[in-house]
Amino acid sequence: MTSNLPALVIIVPLLASLVAAGAGWFNRKAPFYIAVIALLISFISSVLLLAQVVATGVAIEYQMAGWPAPVGIVYVIDHLSAMVLVVITFVAFVNLIGNRQAVETEFKNKEGAFNALYVLFTAGLVGMTATGDAFNLYVLLEIASLSGYALIGLGSSRAPLATLNYLFLGTIGATFYLLGVGYLYIATGSLNMADLATIIPSMMNSSTILFAFIICLTGLLVKMAIFPVHGWLPGAYSESSTVSAGLIAPLTTKVTIYIMVRICLTLFTPEYTFGYIDPTDIMVAIAVASIIFGSLSALAQKDFKRMLSYIIIAEVGYMVGGFFLGNRMGVSGAILHIVNDAAMTLALFMAAGIFIWKTGDEKQSSLKGLYAKMPFTMAGFTLAALSVVGVPPTCGFFSKWYLISGGIAAGQYLFVGALIFSSLINAVLFFRIFEIALFEPFKSHHHAGDEEDKVESHHGETIVDPGVIESAQQYSGSDSHDHGAIVIKEPPLPMLVPFLGVCVLLLILGLYSGSIVNNIIHFAIPAGII
Amino acid sequence: MELFSFIVAKADYWAYVILMMVGLYALIAKNNLVKKIVGMTIFQTAIILFYVSIGYKKGATIPILHHGSDHGGEALAAHGAHAAAHGTQEVAEQAAHAVAHAGEAAVKAMDYINPLPHVLMLTAIVVGVATLGVALALAMKVYKEYGTLEEDEINQQLRNG
Amino acid sequence: MKILGKITITICGLLLLFFTSDFPDWGDVNSPASTHLSPYFIEHTIEDTAVPNIVTSVLADYRGYDTMFETTVILTAGLACFLLLRIPRKDSIHRYYRHEPTGVTIRVEGDRYPKGSNVFTRIDSSWVPYDLIINFTCRLLIHFIQLFALYVVAHGHHSPGGGFQGGVLLGASVILFAISGNLRAAIKRFGEKTAAILSSTGVFIYAGAGALCLFIGEQFLNYSALGPLLGTDRIMARSHGILIVEIGVAMAVMAVMIWIYYNLSSAGKQDEGL
Amino acid sequence: MIWPIDLIILGLVIVSAVAAITVKDLLSAAVLLGAYSFLLCLLWAVMGAVDVAFTEATVGAGVSTVFCVAAVFHTTRRTKD
Chain A
1 MTSNLPALVI
11 IVPLLASLVA
21 AGAGWFNRKA
31 PFYIAVIALL
41 ISFISSVLLL
51 AQVVATGVAI
61 EYQMAGWPAP
71 VGIVYVIDHL
81 SAMVLVVITF
91 VAFVNLIGNR
101 QAVETEFKNK
111 EGAFNALYVL
121 FTAGLVGMTA
131 TGDAFNLYVL
141 LEIASLSGYA
151 LIGLGSSRAP
161 LATLNYLFLG
171 TIGATFYLLG
181 VGYLYIATGS
191 LNMADLATII
201 PSMMNSSTIL
211 FAFIICLTGL
221 LVKMAIFPVH
231 GWLPGAYSES
241 STVSAGLIAP
251 LTTKVTIYIM
261 VRICLTLFTP
271 EYTFGYIDPT
281 DIMVAIAVAS
291 IIFGSLSALA
301 QKDFKRMLSY
311 IIIAEVGYMV
321 GGFFLGNRMG
331 VSGAILHIVN
341 DAAMTLALFM
351 AAGIFIWKTG
361 DEKQSSLKGL
371 YAKMPFTMAG
381 FTLAALSVVG
391 VPPTCGFFSK
401 WYLISGGIAA
411 GQYLFVGALI
421 FSSLINAVLF
431 FRIFEIALFE
441 PFKSHHHAGD
451 EEDKVESHHG
461 ETIVDPGVIE
471 SAQQYSGSDS
481 HDHGAIVIKE
491 PPLPMLVPFL
501 GVCVLLLILG
511 LYSGSIVNNI
521 IHFAIPAGII
Chain B
1 MELFSFIVAK
11 ADYWAYVILM
21 MVGLYALIAK
31 NNLVKKIVGM
41 TIFQTAIILF
51 YVSIGYKKGA
61 TIPILHHGSD
71 HGGEALAAHG
81 AHAAAHGTQE
91 VAEQAAHAVA
101 HAGEAAVKAM
111 DYINPLPHVL
121 MLTAIVVGVA
131 TLGVALALAM
141 KVYKEYGTLE
151 EDEINQQLRN
161 G
Chain C
1 MKILGKITIT
11 ICGLLLLFFT
21 SDFPDWGDVN
31 SPASTHLSPY
41 FIEHTIEDTA
51 VPNIVTSVLA
61 DYRGYDTMFE
71 TTVILTAGLA
81 CFLLLRIPRK
91 DSIHRYYRHE
101 PTGVTIRVEG
111 DRYPKGSNVF
121 TRIDSSWVPY
131 DLIINFTCRL
141 LIHFIQLFAL
151 YVVAHGHHSP
161 GGGFQGGVLL
171 GASVILFAIS
181 GNLRAAIKRF
191 GEKTAAILSS
201 TGVFIYAGAG
211 ALCLFIGEQF
221 LNYSALGPLL
231 GTDRIMARSH
241 GILIVEIGVA
251 MAVMAVMIWI
261 YYNLSSAGKQ
271 DEGL
Chain D
1 MIWPIDLIIL
11 GLVIVSAVAA
21 ITVKDLLSAA
31 VLLGAYSFLL
41 CLLWAVMGAV
51 DVAFTEATVG
61 AGVSTVFCVA
71 AVFHTTRRTK
81 D
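Protein chains in written order, with the UniProt record's numbering: chain A, 1 to 530; chain B, 1 to 161; chain C, 1 to 274; chain D, 1 to 81.
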């Protein structure tokens, strides 16, 4: 079975989504468990793949349908894709188990379709990461996009319009990518990435190849919501339901950046990308604009999820800029930041989910006094926020360190300045929230969370933080009189434990970032980049 | 005649650019959501036209080998005779060619249109209809929410609260 | 927005037109696209898969993995339309009934059924008069469309067509039935649950056939592994494998097309519609 | 293949595409989109892409048009541009 791991990592989610879609018509609980098991298997397989790749040091090639490379479709798992596979399957798995309640309430009677689309989205991203065929990438990109539209579209009342805008821009991006593949095909006659990489160096001066590069890159930049074409992202992410946002926000932009890295390094070879075209100046300028715009817009937001969405735009700028610095430090920083940013965004969106469960809305002002109410949650949230700001020893610091050193080495001081500026803005943003949550007393205007608790306690499932056992009645009584004793009321354990796990992971990633860079990312970057 | 051959050589590629730009214009500039969706469909089909144009080969036939051509030359000869009966110049030559090599069971790649772009485009058509379905579903939800499909009117409503 | 659009398309259009000059001529036999990879498919399809229609063999075998996800894209669209649009509540506010002997139409509030129900038939709120010619012609046509669709599915190895086209035709026949008559009659014959389960099953046949090859010990979707199961040699097994997945594709595509139509044409209520 | 057919159909395709996005009625736009798809299907049949033409005829000209008409039926035909 070991030789079939590259296929298992994607077909298990695919088959599970089909079973879940069918099972949803007979049993309302089954789809969730099918999805969880499939994502767990997929996660384990990708960890095994990563271990195998790190141990042997060679890329694993898997021939779909038994046809060798240029004729059929092959999957290529190297250091980079194995690492991204682990990130994708981990995020999908943790986000689903952490949001079980939200799924049950928000997608009532449609659990089958929801879980199926959730797993299909993951399968699409996994396939995009593992594939070694330029056209197969497009098909999987469309699977991930279409299921993403469906997941996002069922949010608040404004969600359909935001999603429709996302769909238009997403389609433009994907179609541009397809056109770029067509240009490559007309010039070379091949679709396989490795095959293309052997042909392209011999036809460096072809204007068709140049245009294919430009148009593929444009399509991917539209998909990853960089500054001038970012319009769809804040609306789409902040209007959607938390479970969808927690899956899509950490993954879509990061995987698109991974695809950009893959296209630039594996398909167009570093000699072509950095040697012949050398887009460093213009791309870093776009990235700087994206970082500054994202940070400043985040400052203006009152809504928590909307603020996170703008931070994502700034983070996209970090990675794009870092990658196009074109030196080893910058590219390592960008790739490391893919992992770190996925974990950080997951933690923050899970925190947003818990806040919404607790307070019933997404305004920053309704986070008052939460430190006293939910010490564990807020400890995790603080860790995640410090990581986004970039305080050592959290993981955010290390990737920023690589990015800044890369920027200095490449002489792009504007980029370095933008990074530091954005970190300061992030500090302001999160310390503002700390202030609200730490010093202002808790006042619940919406009892959404409490009502859910009461319903839960009927089934005897309420899990209050150990040590402090308070009945729901006492809790709401003390709440109505504002001067009552502060009662600790953490979210139920299935929600809290995954969240805290992710937060601890931020620390672990930070502490081990040296070995991640040395053992994985070092081998993922071609030797041509110094 | 030179001009004609130049136009014929590039007309398909020009047409795809024009169609793509028509679609892109509708996507960017039109105010109505269904109009944008129509533009999106045109935008996607333009790419399909581009790919199919790549695959075309002068003097080649459709990418289906003649029935039972695992008997090789025999079948090709039959195919050629059939085509000769129709009197097409190029295909008749091909027929002669096939008859001459009746013994060898060889399929010549030059005689058949490139099938690979066709396969890719079947997938793209399917992706197109899938996107169309989801986009129309979303447009219907938007209409249910705001009672209009015009973007400026929706923005007006959003501003007014 | 209009000016922005015009500027964008002028720049993009001129760039694209400029870069077409480097292309090989249209129909050029010696272009890289026609010489690098595609000759392999044309020359080896018979010996590899025993399928004369090269498009079918490339679609379902050489690049069968793409096609599996193509079918999944369609399923995703079906699930997405269901998730976005479907309103499970059945209590519509009012309904219309026609008294058959007199042709009088009455409006009934709530979920009550008019008494003497055998003389009342339910009609849509946007009801158009019953057209005998259209209805009769369509009913006559549907059988032939379905017969032709089955031919297209089964004969995809030798002629244009295959699972996808046949599936769409099958779906279109049911959609034609719904348009010519009414939506409820179509849903009564081909329910939503049937459509949903059939669509998953269709893709499952495809992916399951692939996974079966994997369990037998070959690569995913390598149909030649099915040879011993089907009692044929490895090459014919590929041909039969293609037929199996084409049937799966046809099932999935038919069901999803119908499912999307039901949801779109009734705005998710599946009560009355186009 | 005869090049005049190709050029004539190309011209018609562009005309129908422009018409589909300029006409001031969404139902007409849907029907024109169907006509556009059908003309493209003819073009591909002329170019020898029989499978693509078949698919476009069933999907593009057939089912897509029905979807568009169904959506317009449940929303509105009105459009300002």
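By construction, the Cβ of each residue, glycine as well, lies at the ideal position given by its N, Cα and C atoms.
- Measuring CB to CB, does isoleucine 312 (chain A) end up less than 8 Å from phenylalanine 499 (chain A)? For isoleucine 312 (chain A) and phenylalanine 499 (chain A), no; Cβs fall outside 8 Å.
- Going by DSSP, which residues form a beta bridge with isoleucine 64 (chain B)? Bridge partners of isoleucine 64 (chain B): C:Asn53.
- Closer than 8 Å by beta-carbon distance: list the chain C residues that pair up with glycine 62 (chain D), in chain order. Against chain C, a Cβ distance below 8 Å from glycine 62 (chain D) picks out Val168, Ala172.
- Query: Between which two residues does the beta strand (DSSP E) containing histidine 99 (chain C) stretch?
  - Reply: Counting along the chain, the beta strand (DSSP E) containing histidine 99 (chain C) begins and ends at 94-99.
- Task: Kindly indicate which residue of A:Val284, A:Ser332, A:Phe431 has the alpha-carbon position closest to the one of leucine 414 (chain A).
- Result: Looking at the Cα atoms, A:Val284 is the closest of the given residues.
- What residues of chain C sit near alanine 33 (chain B), judged by a beta carbon separation below 8 Å? It is leucine, not alanine, that sits at residue 33 (chain B) in the sequence shown. Neighbours of leucine 33 (chain B) in chain C, taken as residues at a C-beta separation under 8 Å, are lacking, since the least C-beta distance is about 14 Å.
- Message: Please identify the residue among A:Ala51, A:Thr218, A:Glu106 whose C-alpha is closest to the C-alpha of serine 81 (chain A).
- Response: Ranking the options by Cα distance to serine 81 (chain A), first place goes to A:Ala51.
- Message: Between lysine 6 (chain C) and chain A, is the shortest Cβ-Cβ distance under 8 Å, so that the two count as touching?
- Response: The beta carbon of lysine 6 (chain C) does not come within 8 Å of any beta carbon belonging to chain A, so the residue lies off that interface.
- Task: Output, in chain order, the set of chain B residues within a Cβ distance shorter than 7 Å of phenylalanine 168 (chain A).
- Result: Per Cβ cutoff of 7 Å: Leu27, Lys36, Met40.
- Message: So isoleucine 47 (chain B) contacts chain A; which residues on that side make the cut at Cβ distance below 8 Å?
- Response: Correct list: Thr175, Leu178, Leu179, Gly182.
- Item | Exposed unless 16 or more other CB atoms sit within 10 angstroms - verdict on histidine 71 (chain B) | Annotation note: pLDDT 44 at histidine 71 (chain B) (below 50); position unreliable, coordinate value reported separately. That one is exposed.
- Item | Residues near isoleucine 113 (chain B) in its chain [Cβ-Cβ closer than 8 Å; skip 5 each side] | Only residues of its own chain outside the window of five on either side were considered, and among them Gly55, Tyr56, Lys57, Ala60, Thr61, Ile62, Pro63 have a CB closer than 8 Å to the CB of isoleucine 113 (chain B), listed in chain order.
- Quick check: the segment 287-306 of chain A against the segment 257-265 of chain A, are there 3 or more CB pairs under 8 Å? Flag = no, the segment 287-306 of chain A and the segment 257-265 of chain A do not touch.
- Item | Beta carbon of valine 134 (chain B) nearer than 8 Å to that of isoleucine 74 (chain C) | No, the pair does not count as a contact, with Cβ atoms beyond the cut-off.
- 8 Å Cβ cut-off: residues of chain B touching leucine 40 (chain D): Correct list: Thr45, Ile48, Leu49.
- Message: For the beta strand (DSSP E) containing arginine 122 (chain C), name the first residue and the last one.
- Response: From DSSP, the beta strand (DSSP E) with arginine 122 (chain C) extends over 120-123.
- methionine 350 (chain A) versus isoleucine 44 (chain A): straight-line alpha-carbon distance, rounded: If you take the alpha carbons of methionine 350 (chain A) and isoleucine 44 (chain A), they lie about 22 Å apart.
- Query: Are leucine 18 (chain A) and alanine 60 (chain C) closer than 8 Å when you measure CB to CB?
  - Reply: Contact annotation: leucine 18 (chain A) and alanine 60 (chain C) have beta-carbon atoms that are not nearer than 8 Å.
- So, is the C-beta of tyrosine 75 (chain A) closer than 8 Å to a C-beta in chain B? Judged by the 8 Å Cβ criterion, tyrosine 75 (chain A) is not in contact with chain B.
- Item | Coil, strand or helix - glycine 27 (chain C) by DSSP | Note: glycine 27 (chain C) maps to strand in three-state DSSP.
- Item | Buried versus exposed call for glutamine 412 (chain A) [16 or more other C-beta atoms within 10 Å across all chains shown] | Within a 10 Å sphere around the beta-carbon of glutamine 412 (chain A) sit 16 or more other beta-carbons, which makes this residue buried.
- Pair within 8 Å by beta-carbon distance, leucine 296 (chain A) and isoleucine 521 (chain A): Inclusion of leucine 296 (chain A) and isoleucine 521 (chain A) in the CB contact set at 8 Å is not warranted, their separation being larger than that value.
- According to DSSP, is alanine 175 (chain C) helix, strand or coil? For the sequence presented, residue 175 (chain C) should be read as isoleucine rather than alanine. Three-state result, isoleucine 175 (chain C): helix.
- Message: For a test of the three-state rule: what should DSSP assign to isoleucine 425 (chain A), helix, strand or coil?
- Response: Correct three-state label for isoleucine 425 (chain A): helix.
- Any C-beta of chain C sitting closer than 8 Å to the C-beta of threonine 55 (chain D)? Interface residue (Cβ-Cβ distance to chain C less than 8 Å): threonine 55 (chain D) is classified as such.
- Message: Taking 8 Å as the threshold (beta carbon to beta carbon), is valine 66 (chain D) in contact with chain B?
- Response: For valine 66 (chain D), the nearest beta carbon of chain B is not closer than 8 Å to its own beta carbon.
- For the segment 143-161 of chain B, enumerate the residues whose C-beta is nearer than 7 Å to any C-beta of chain A, in chain order. For the segment 143-161 of chain B, which is checked against every Cβ of chain A, the residues closer than 7 Å are Glu145, Ile154.
- Beta-carbon of aspartate 25 (chain D) versus every beta-carbon of chain C: anything under 8 Å? Contact of aspartate 25 (chain D) with chain C is not assigned, every C-beta pair being separated by 8 Å or more.
- Leaving out five residues before and five after phenylalanine 211 (chain A) in sequence, what residues of the same chain have Cβ atoms less than 7 Å from its Cβ? Short of 7 Å from the beta carbon of phenylalanine 211 (chain A), and not among the five residues preceding or following it, lie these beta carbons of its own chain, in chain order: Tyr183.
- Distance, Cα to Cα, valine 288 (chain A) vs lysine 269 (chain C)? Rounded to whole angstroms, valine 288 (chain A) to lysine 269 (chain C) spans 48 Å at the Cα level.
- Message: So if I threshold CB-CB distances at 7 Å, which residues from the segment 59-81 of chain C count as touching chain A?
- Response: Answer set for the segment 59-81 of chain C: Asp61, Tyr62, Arg63, Gly64, Tyr65, Asp66, Phe69, Glu70, Thr72, Val73, Thr76, Ala77, Leu79, Ala80.
- What residues in the segment 284-298 of chain A bring their beta carbon closer than 7 Å to a beta carbon of chain C? Those would be none; no residue qualifies.
- Message: Contact criterion: CB-CB distance below 8 Å. Does glutamine 270 (chain C) meet it with respect to chain A?
- Response: Using a CB distance cut-off of 8 Å, glutamine 270 (chain C) does not count as an interface residue toward chain A.
- Task: Hey, could you find the ends of the alpha helix (DSSP H) glutamate 315 (chain A) is sitting in?
- Result: Glutamate 315 (chain A) -> alpha helix (DSSP H) spans 304-324.
- Message: Less than 8 Å between the C-beta atoms of leucine 24 (chain B) and cysteine 12 (chain C), yes or no?
- Response: In this structure, leucine 24 (chain B) lies near cysteine 12 (chain C), with their beta-carbon atoms less than 8 Å apart.
- Query: Taking the Cβ atom as the reference point for each residue, do tyrosine 75 (chain A) and alanine 130 (chain A) lie within a distance shorter than 8 Å?
  - Reply: The answer is yes: Cβ separation under 8 Å.
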